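Since the structure comes first, as structure tokens, the remarks are kept for the end.
Protein chains in written order, with the numbering used here: chain B, 1 to 210; chain W, 1 to 248.
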């Protein structure tokens, strides 16, 4: 790319970003309208980008099928289902019962299955973590997780003094220690997000390329 | 017209601190605390390049038009550095995301790395790709990429929810070198258990500074530290005043 081009992209990014950012701090009707207009443009562009992303995904899997790479039948299946869903959506519309059924009976169960798999994966990861990282922090992590589990899970033979104690400890850990630590993490993340955004606005970071 | 003076003041302080630390960066270089995830990453990338294996950078499941874009922007910096290190290898880095716009930014980042290395003919547009439009459909696509592309270094630097734990776990199951970072506090807790090298708190934004991406990245960490101390002081003073019954 020529030298002049990246200067132009940077100027455009800085100008648009500056107007949107200023809209949060300056209560000026014209500025607010501009901010909303730019955000609407961004949403439109994001929708077009989604389409490009899908085309990119399609190209990657078509390449796999053409070159008969390992696992190409899965790629072929993905292409068939992707195009099938697209045709059904275009013909019947997105609110049609057939199209909604695809999401209800295929997409949702698959995603729910993955969520359920997460519980098993986390249990295995906990055991693996003890084996790999035997330091104080890992032991505290596992110990806390076990305490919270015992304070949350139902106990046999109804409630007892022990279950009440674990329940109290769970609440104390969650409301005092975990809430305080989470606030600290959120604060650090917010500061990091601000500086990352400012680097893009100042043109120091150019995610749109040179 | 009304102005949010407090917000503008904090913003101005950030900009001034960034510029001051960027200017002082060369004369007063910063010393950062050890961060094993990024320190070991360089060696892991070298091993992957020598072994003919691939590095995978996951930019998360967040959208560009939202607050969750910030960690992915930091991830693009990491991607840029990893791309520079692997561009001439047999298997250059690949990047995946769950957002179309972020996939385009990843492609731009990868293309730029190839242009800088004068190897634009080696650039493949599908090396930056969108795997799925929802968090869990993205997670479902990750193991296929890890297996078919021969990935041995798996970097998660973006916005993840609970699905981030699955994405990291898929890498661990392949015995890959896994770095896991997210902006979400709950996801960070999950990544702490599943990723071998978890990034805690704002560490997800620190990749650029540790991978030597430029003076502005070092300046960012220093500016964050200064503002953090000021915020902590404000919290402590506020707590003391409220304890003494003095309203603010």
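Virtual Cβ for every residue (Gly too), placed ideally from N, Cα, C.
Quick caveat, the model's predicted, so the values are computed rather than measured.
Please list, in chain order, the chain W residues whose beta carbon lies closer than 8 Å to that of residue i.
{"i": "residue 128(B)", "result": "172"}
{"i": "residue 121(B)", "result": "165, 166, 169 and 194"}
{"i": "residue 105(B)", "result": "In chain order: nothing, as chain W lies at least about 15 Å away."}
{"i": "residue 134(B)", "result": "Within chain W, no residue comes near residue 134(B); the closest Cβ sits about 13 Å away, beyond 8 Å."}
{"i": "residue 141(B)", "result": "192 and 193"}
{"i": "residue 12(B)", "result": "Under the 8 Å cutoff, chain W gives no residues; its nearest Cβ is about 14 Å from residue 12(B)."}
Roughly how many angstroms separate the alpha carbons of residue i and residue j, rounded to a whole number?
{"i": "residue 204(B)", "j": "residue 153(W)", "result": "27 Å"}
{"i": "residue 142(W)", "j": "residue 135(W)", "result": "11 Å"}
{"i": "residue 161(W)", "j": "residue 138(W)", "result": "12 Å"}
{"i": "residue 34(B)", "j": "residue 85(B)", "result": "37 Å"}
{"i": "residue 194(W)", "j": "residue 2(W)", "result": "48 Å"}
{"i": "residue 111(W)", "j": "residue 51(W)", "result": "24 Å"}
{"i": "residue 249(W)", "j": "residue 97(B)", "result": "This structure cannot speak to residue 249(W), because chain W is shown only from 1 to 248."}
{"i": "residue 145(W)", "j": "residue 128(W)", "result": "12 Å"}
{"i": "residue 177(W)", "j": "residue 18(B)", "result": "39 Å"}
{"i": "residue 191(W)", "j": "residue 4(B)", "result": "42 Å"}
{"i": "residue 25(W)", "j": "residue 202(B)", "result": "17 Å"}
{"i": "residue 14(W)", "j": "residue 88(B)", "result": "51 Å"}
{"i": "residue 215(W)", "j": "residue 79(B)", "result": "45 Å"}
{"i": "residue 60(B)", "j": "residue 184(W)", "result": "30 Å"}
{"i": "residue 188(W)", "j": "residue 201(W)", "result": "8 Å"}
{"i": "residue 210(W)", "j": "residue 170(W)", "result": "26 Å"}
{"i": "residue 44(B)", "j": "residue 48(W)", "result": "39 Å"}
{"i": "residue 158(W)", "j": "residue 101(B)", "result": "32 Å"}
{"i": "residue 8(B)", "j": "residue 28(W)", "result": "32 Å"}
{"i": "residue 7(W)", "j": "residue 194(B)", "result": "12 Å"}
{"i": "residue 126(B)", "j": "residue 155(W)", "result": "20 Å"}
{"i": "residue 23(W)", "j": "residue 190(B)", "result": "24 Å"}
{"i": "residue 58(B)", "j": "residue 37(W)", "result": "34 Å"}
{"i": "residue 37(B)", "j": "residue 173(B)", "result": "45 Å"}
Starting from the C-beta of residue i, find all residues in its chain whose C-beta is less than 8 Å away, skip the five residues before and the five after it, and write them out in chain order.
{"i": "residue 222(W)", "result": "17, 21 and 30"}
{"i": "residue 149(W)", "result": "54, 56, 91 and 94"}
Can you name the residues of chain B whose CB is closer than 8 Å to the CB of residue i?
{"i": "residue 159(W)", "result": "Here the premise fails: no neighbours, minimum Cβ distance about 10 Å."}
{"i": "residue 214(W)", "result": "204"}
{"i": "residue 111(W)", "result": "209"}
Just to make sure I have the definition right: I need the residues of chain W whose C-beta is within less than 9 Å of the C-beta of residue i. Which are they?
{"i": "residue 56(B)", "result": "100, 103, 104, 107, 125, 126, 128, 129 and 130"}
{"i": "residue 170(B)", "result": "In chain order: nothing, as chain W lies at least about 15 Å away."}
{"i": "residue 18(B)", "result": "Result: empty, since nearest Cβ-Cβ is about 11 Å, beyond 9 Å."}
{"i": "residue 292(B)", "result": "There is simply no residue 292(B) to check, as chain B begins at 1 and stops at 210 in what is shown."}
I need the boundaries of the alpha helix (DSSP H) containing residue i, first residue and last residue.
{"i": "residue 224(W)", "result": "215-243"}
{"i": "residue 149(B)", "result": "136-152"}
{"i": "residue 210(W)", "result": "207-210"}
{"i": "residue 171(B)", "result": "161-172"}
{"i": "residue 193(B)", "result": "179-201"}
{"i": "residue 132(B)", "result": "108-132"}
{"i": "residue 23(W)", "result": "5-24"}
{"i": "residue 76(B)", "result": "72-92"}
{"i": "residue 30(B)", "result": "29-66"}
Since residue i meets chain W, which of its residues come closer than 7 Å, beta carbon to beta carbon?
{"i": "residue 35(B)", "result": "The premise fails here: residue 35(B) is roughly 13 Å from chain W at the closest Cβ pair, so nothing lies under 7 Å."}
{"i": "residue 89(B)", "result": "What residue 89(B) touches in chain W: nothing, since even the nearest Cβ is about 13 Å away."}
{"i": "residue 43(B)", "result": "65"}
{"i": "residue 200(B)", "result": "73"}
{"i": "residue 49(B)", "result": "100, 101 and 104"}
{"i": "residue 60(B)", "result": "126 and 129"}
{"i": "residue 211(B)", "result": "With chain B represented from 1 up to 210, any question about residue 211(B) goes unanswered, as that position is not in the structure."}
Using a cut-off of 7 Å between C-beta atoms, extract the partners of residue i located in chain B.
{"i": "residue 89(W)", "result": "What residue 89(W) touches in chain B: nothing, since even the nearest Cβ is about 19 Å away."}
{"i": "residue 63(W)", "result": "46"}
{"i": "residue 77(W)", "result": "205"}
{"i": "residue 202(W)", "result": "188, 189, 191 and 192"}
Leaving out the 5 sequence neighbours to the left and right, which residues in its chain are closer than 7 Å to residue i when beta-carbon positions are compared?
{"i": "residue 133(W)", "result": "98"}
{"i": "residue 76(B)", "result": "65"}
{"i": "residue 29(B)", "result": "none"}
{"i": "residue 100(W)", "result": "130"}
With a CB to CB cut of under 6 Å and the five nearest residues on each side skipped, what residues in its chain are close to residue i?
{"i": "residue 129(B)", "result": "138"}
{"i": "residue 117(W)", "result": "87"}
{"i": "residue 205(W)", "result": "74"}
Of all Cβ atoms in chain A, is any one closer than 8 Å to the Cβ of residue i?
{"i": "residue 94(B)", "result": "Among the protein chains of the structure shown, namely B and W, there is no chain A."}
List, in order along the chain, the chain B residues whose C-beta lies closer than 9 Å to that of residue i?
{"i": "residue 2(W)", "result": "26, 27 and 28"}
{"i": "residue 7(W)", "result": "24 and 25"}
{"i": "residue 82(W)", "result": "Chain B residues near residue 82(W): none, gap ~15 Å exceeds 9 Å."}
{"i": "residue 228(W)", "result": "187, 188 and 191"}
{"i": "residue 236(W)", "result": "In chain order: nothing, as chain B lies at least about 13 Å away."}
Tell me whether residue i, by its Cβ, gets closer than 7 Å to a heavy atom of the ligand MG.
{"i": "residue 91(W)", "result": "By its list of ligands, the structure shown contains no ligand whatsoever, and the ligand MG lies outside what it can speak to."}
Runs of alpha helix (DSSP H) lying entirely within the segment 128-204 of chain W, each at least 4 residues, in chain order: 135-148, 163-173 and 185-194
Residue ranges of each alpha helix (DSSP H) run of no fewer than 4 residues wholly in the segment 38-108 of chain W, ordered along the chain? 69-86
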